[in-house]
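Let me begin by presenting the structure, written as structure tokens, before commenting on it.
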Amino acid sequence: MADAAAASRDPRAIMSNAPMTPRQYLAIAMCVALNALDGFDVLSISFASPGIAREWGIDRAALGVVLSMELIGMAVGSILLGHIADRIGRRPTTIGCLVIMAVGMLSTTHVGSIEALAATRLFTGLGIGGMLATTNAFVAEYANDRARGAAVAVMAAGYPMGAIAGGSIASHLLVNGDWRDVFYFGAIATIVLLPLIPLLMPEPVGSLLQRRPADTLGRVNRSLRALGHETVDALPPVEPTAPKAGPRELFSPRLRGITLLLTAGYFLHVLTFYFIIKWVPKIVVDMGFSPAAAGGVLVWANVGGLLGSLLFSALSLRFAVRGLLIAAMLASVVMIAVFGQGQADLAGLSWAAAAGGFCTNAGMVGLYAIVAASFPTAVRGGGTGFVIGVGRGGAALSPILAGLLFAGGLGLPVVAAVMACGSLLGALAILALPKREAEGH
287 MADAAAASRD PRAIMSNAPM TPRQYLAIAM CVALNALDGF DVLSISFASP
337 GIAREWGIDR AALGVVLSME LIGMAVGSIL LGHIADRIGR RPTTIGCLVI
387 MAVGMLSTTH VGSIEALAAT RLFTGLGIGG MLATTNAFVA EYANDRARGA
437 AVAVMAAGYP MGAIAGGSIA SHLLVNGDWR DVFYFGAIAT IVLLPLIPLL
487 MPEPVGSLLQ RRPADTLGRV NRSLRALGHE TVDALPPVEP TAPKAGPREL
537 FSPRLRGITL LLTAGYFLHV LTFYFIIKWV PKIVVDMGFS PAAAGGVLVW
587 ANVGGLLGSL LFSALSLRFA VRGLLIAAML ASVVMIAVFG QGQADLAGLS
637 WAAAAGGFCT NAGMVGLYAI VAASFPTAVR GGGTGFVIGV GRGGAALSPI
687 LAGLLFAGGL GLPVVAAVMA CGSLLGALAI LALPKREAEG H
């Protein structure tokens with residue numbers, strides 16, 4: 287009985303088993319807002335690129351270099367800052383990511399060459415990549431066991447929210463302003479969120495107990511109070527077999543298979559996901575529709591993605607995350623192939639793109655949820671960062687691979703079928719995960 291009582295007062299047990307409080311929901315809502323900011327910042331260069339090309343007289347190839355630099359920055363930021371978050375804490379790393387993003391966005395408004403633009407986007411990408419790794423870890427440690435999968439899925443839904451809302455705002459800004467206004471807006475939104483981090487997002491209890499900084503008990507109790515829970519009188523003992531923070535631990539015998547399978551699953555599904563995100567506008571224009579109409583089809587793909595995220599979140603409260611994720615990835619295979627068959631009119635294209643976005647984005651949020659559930663607290667930030675960082679290779683490869691297939695003379699049906707195979711192979715990688723590690727509860 288004494289052991290059971292002691293376990294019930296373990297701060298980690300309180301966070302895992304107690305009902306969710308309004309303060310926990312508020313902290314998770316902040317993570318959703320941060321991910322929405324990520325969604326806007328990632329696409330800001332896409333909104334601004336026509337104005338940049340017109341003002342500077344540069345071609346698409348030069349802009350492609352800029353987009354690649356951003357992806358490189360995001361990959362490095364995910365891996366590097368994810369590990370830093372495990373060592374110094376989630377909250378200071380998140381604040382650092384926001385500062386990097388704000389400086390990067392403001393710097394972009396003052397560049398005068400493609401080289402300088404590439405440098406500022408590389409720098410901004412560091413913060414964007416690190417932000418996703420830290421927010422994923424934040425949500426996993428704020429939520430209780432029952433709500434964890436749903437909470438991470440809702441957090442991931444912030445990305446298409448930011449893309450949809452940000453796209454609307456950017457379009458309005460560009461009517462009477464120039465491309466720099468897009469980055470000014472992103473910088474202002476970032477600066478507005480900065481002071482809310484220390485107010486609404488305490489350092490997670492699990493992270494504190496893993497790192498054991500000075501005055502750990504006081505910090506744990508401040509975090510518990512901030513999240514609406516009662517405090518504790520003593521800390522639980524240090525677990526002698528607990529994994530240590532650091533990249534080497536990801537490839538220890540215990541975690542090596544999980545790290546490699548999750549990275550493969552993410553990389554392969556992202557390959558399919560970015561085929562829709564990057565190629566829909568070009569495909570629609572090649573069918574004879576206007577660029578404005580093509581942009582509308584892409585918006586519908588993001589609307590479908592948002593709905594898919596929210597449905598996945600709701601279903602994860604009742605069903606195991608791994609089964610839902612595999613189902614979403616297999617549905618992605620079917621819907622991308624259906625999109626590749628072409629449609630007779632714009633409405634048909636919009637519905638097909640929305641269905642493709644629905645399934646692929648549901649798969650993305652499921653991957654974030656299963657990554658958060660599979661790594662222990664000590665390496666959750668670093669593990670998430672590694673999976674996402676390496677997985678960005680799939681994002682970079684996707685438009686290139688599809689372009690090569692088109693250039694080779696293959697039609698849309700065949701190219702879409704080939705690109706859909708990424709989700710199929712990714713589903714096989716997730717299926718190979720040990721079930722105990724991949725239930726997402």
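Residues 287 to 727 (my numbering) make up the sequence shown, in order.
All C-beta atoms, glycine included, are put in the ideal place defined by N, C-alpha and C.
None of these values were measured; they are calculated from a predicted model.
Handout entry: Ordered list of alpha helix (DSSP H) runs contained in the segment 495-554, each at least 4 residues
Key = 502-512
Problem - Range covered by the alpha helix (DSSP H) that runs through tryptophan 637 - result: As a first step, residue 637 is located in the sequence shown; it is residue number 351 there, counting from the start. Here the alpha helix (DSSP H) through tryptophan 637 covers 632-660.
Exercise for the section: Spell out a yes or no on whether the segment 606-622 and the segment 713-721 are touching, meaning 3 or more CB-CB pairs, one atom from each, closer than 8 Å. Expected result: yes
Handout entry: Chain-order list of residues whose beta-carbon lies under 6 Å from that of glycine 634 (same chain, five-residue window excluded)
Key = Taking the sequence shown and counting its residues from 1, one reaches residue 634 at position 348. Closer than 6 Å at Cβ, skipping near neighbours: no residue.
Practice task
Could you have a look at threonine 307 and say whether DSSP puts it in helix, strand or coil?
Solution key: Here the question's residue 307 lines up with position 21 in the sequence shown. Three-state DSSP puts threonine 307 in coil, outside helix and strand.
Handout entry: Near the ligand ATP: serine 454 beta-carbon under 6 Å from a heavy atom
Key = No copy of the ligand ATP appears in this structure; indeed no ligand is present at all.
Problem - Within 7 Å, strictly: CB atoms of alanine 640 and glycine 590 - result: If you number the sequence shown from 1, residue 640 lands on position 354. If you number the sequence shown from 1, residue 590 lands on position 304. The answer is yes: Cβ separation under 7 Å.
Problem - N-terminal and C-terminal residue of the alpha helix (DSSP H) that leucine 412 is part of - result: Along the sequence shown, one-based indexing puts residue 412 at 126. Looking at the DSSP string, the run of the alpha helix (DSSP H) that includes leucine 412 is 400-428.
Practice task
Apply the 10 Å Cβ neighbour rule to leucine 485 and answer buried if 16 or more other Cβ atoms are within range, or exposed otherwise.
Solution key: As a first step, residue 485 is located in the sequence shown; it is residue number 199 there, counting from the start. Leucine 485 comes out exposed.
Practice task
Run the CB neighbour count on isoleucine 686, radius 10 Å, all protein chains shown included, and call it buried at 16 or more, exposed below.
Solution key: By one-based count along the sequence shown, residue 686 stands at place 400. With fewer than 16 other Cβ atoms within 10 Å, it is exposed.
Practice task
Please report how far the alpha carbon of phenylalanine 644 lies from the alpha carbon of leucine 521, in whole angstroms.
Solution key: What you label residue 644 is simply residue 358 of the sequence shown in a count that begins at 1. What you label residue 521 is simply residue 235 of the sequence shown in a count that begins at 1. If you take the alpha carbons of phenylalanine 644 and leucine 521, they lie about 44 Å apart.
Handout entry: Same chain, Cβ closer than 6 Å to valine 583, five either side skipped, listed in chain order
Key = In the sequence shown, residue 583 corresponds to position 297, counting from 1. For valine 583, where only same-chain residues beyond five positions count, the Cβ hits under 6 Å are Val566, Val570, Leu635, Ser636, Ala639.
Exercise for the section: Determine, using beta carbons only, whether glycine 594 and methionine 615 come nearer to each other than 7 Å. Expected result: Against the sequence shown, residue 594 aligns to sequence position 308. Against the sequence shown, residue 615 aligns to sequence position 329. No. Outside cutoff.
Handout entry: threonine 307 burial status per 10 Å Cβ neighbour count (16 or more: buried)
Key = In the sequence shown, counting from the first residue as 1, residue 307 sits at position 21. The residue in question, threonine 307, is exposed, as its Cβ has fewer than 16 Cβ neighbours within 10 Å.
Problem - Where serine 602 falls: helix, strand or coil (DSSP) - result: If you number the sequence shown from 1, residue 602 lands on position 316. Three-state result, serine 602: coil.
Exercise for the section: Starting from the C-beta of cysteine 383, find all residues in its chain whose C-beta is less than 7 Å away, skip the five residues before and the five after it, and write them out in chain order. Expected result: Locating residue 383 in the sequence shown gives position 97, where the first residue counts as 1. Contacts found: Leu367, Gly413, Gly416, Met417, Thr420.
Exercise for the section: Within the same chain, show all residues whose beta-carbon is closer than 8 Å to that of arginine 377, passing over the 5 residues directly before and after it, in chain order. Expected result: What you label residue 377 is simply residue 91 of the sequence shown in a count that begins at 1. Cβ neighbours of arginine 377 beyond the five flanking positions: Ile483, Pro484, Met487, Pro488, Glu489.
Handout entry: Endpoints, alpha helix (DSSP H) assigned at glycine 689
Key = As a first step, residue 689 must be located in the sequence shown, where it is residue number 403. Run containing glycine 689: 666-693, per the alpha helix (DSSP H) assignment.
Exercise for the section: Take alanine 323 as the anchor and find which of Arg309, Tyr445, Gly435 has the nearest alpha-carbon. Expected result: Looking up residue 323 in the sequence shown gives position 37. The residue asked about is misnamed: residue 323 is leucine in this sequence, not alanine. Selected option, being the one with the closest Cα: Tyr445.
Exercise for the section: Consult DSSP for glycine 452 and reduce its assignment to one of helix, strand or coil. Expected result: The residue labelled residue 452 in the question sits at position 166 within the sequence shown. Correct three-state label for glycine 452: helix.
Problem - Nearest-angstrom Cβ-Cβ length linking serine 493 and threonine 663, presumed shorter than 8 Å - result: Counting from 1 along the sequence shown, the entry for residue 493 is found at position 207. Counting from 1 along the sequence shown, the entry for residue 663 is found at position 377. Right, their Cβ atoms sit about 6 Å apart.
Problem - Pairwise C-alpha distance: threonine 410 and isoleucine 386 - result: In the sequence shown, residue 386 corresponds to position 100, counting from 1. In the sequence shown, residue 410 corresponds to position 124, counting from 1. Rounded to the nearest angstrom, the two C-alpha atoms are 6 Å apart.
Exercise for the section: Name the two residues that bound the continuous alpha helix (DSSP H) containing histidine 718. Expected result: The residue labelled residue 718 in the question sits at position 432 within the sequence shown. This sequence places alanine at residue 718; histidine is not what is there. No alpha helix (DSSP H) holds alanine 718; DSSP gives it neither H nor E.
Exercise for the section: Check whether the segment 699-709 touches the segment 555-565, counting contact only when three or more Cβ pairs, one atom from each stretch, lie closer than 8 Å. Expected result: yes
Exercise for the section: Counting only the same chain and skipping the five closest in sequence on each side, list residues whose C-beta sits under 6 Å from that of alanine 288. Expected result: Stepping through the sequence shown from its first residue, residue 288 is reached at position 2. Note that alanine 288 scores a pLDDT of 41, beneath 50, so its modelled location is shaky and nothing firm can be said.
Handout entry: Beta-carbon proximity check, methionine 360 vs alanine 404, cutoff 7 Å
Key = Residue numbering aside, residue 360 sits at position 74 when the sequence shown is read from its first letter. Residue numbering aside, residue 404 sits at position 118 when the sequence shown is read from its first letter. Going by C-beta atoms, methionine 360 is not nearer than 7 Å to alanine 404.
Problem - Backbone secondary structure at valine 397 - three-state DSSP - result: As a position in the sequence shown, residue 397 is number 111, starting the count at 1. It is coil, neither helix nor strand.
Handout entry: Nearest candidate by alpha-carbon position, reference isoleucine 674, set Ser364, Arg498, Arg505, Val328
Key = If you number the sequence shown from 1, residue 674 lands on position 388. Nearest of Ser364, Arg498, Arg505, Val328 to isoleucine 674, Cα basis: Ser364.
Exercise for the section: Using three-state DSSP, classify leucine 711 as helix, strand or coil. Expected result: Taking the first residue of the sequence shown as 1, we reach residue 711 at position 425. Helix.
Exercise for the section: Run the CB neighbour count on phenylalanine 732, radius 10 Å, all protein chains shown included, and call it buried at 16 or more, exposed below. Expected result: Shown here, the chain extends from 287 to 727; a query on residue 732 therefore has no answer.
Problem - aspartate 467: first and last residue of the uninterrupted alpha helix (DSSP H) it sits in - result: Position 181 of the sequence shown, counted from the start, is the residue given in the question as residue 467. 466-479 is the extent of the alpha helix (DSSP H) around aspartate 467.
Handout entry: serine 576 - containing alpha helix (DSSP H), residue span
Key = Position 290 of the sequence shown holds residue 576. It is not in any alpha helix (DSSP H) - serine 576 carries neither H nor E in the DSSP assignment.
Exercise for the section: May I have the straight-line CA-CA distance separating leucine 312 from proline 499, to the nearest angstrom? Expected result: Position 26 of the sequence shown, counting from 1, holds the residue named residue 312. Position 213 of the sequence shown, counting from 1, holds the residue named residue 499. Going by the C-alpha atoms only, they are around 25 Å apart.
Problem - Boundaries of the alpha helix (DSSP H) in which alanine 617 is found, first to last residue - result: The residue given as residue 617 occupies position 331 in the sequence shown. 607-626 is the extent of the alpha helix (DSSP H) around alanine 617.
Problem - Coarse secondary structure for isoleucine 386, derived from DSSP in three states - result: What you label residue 386 is simply residue 100 of the sequence shown in a count that begins at 1. Here isoleucine 386 sits in helix by DSSP.
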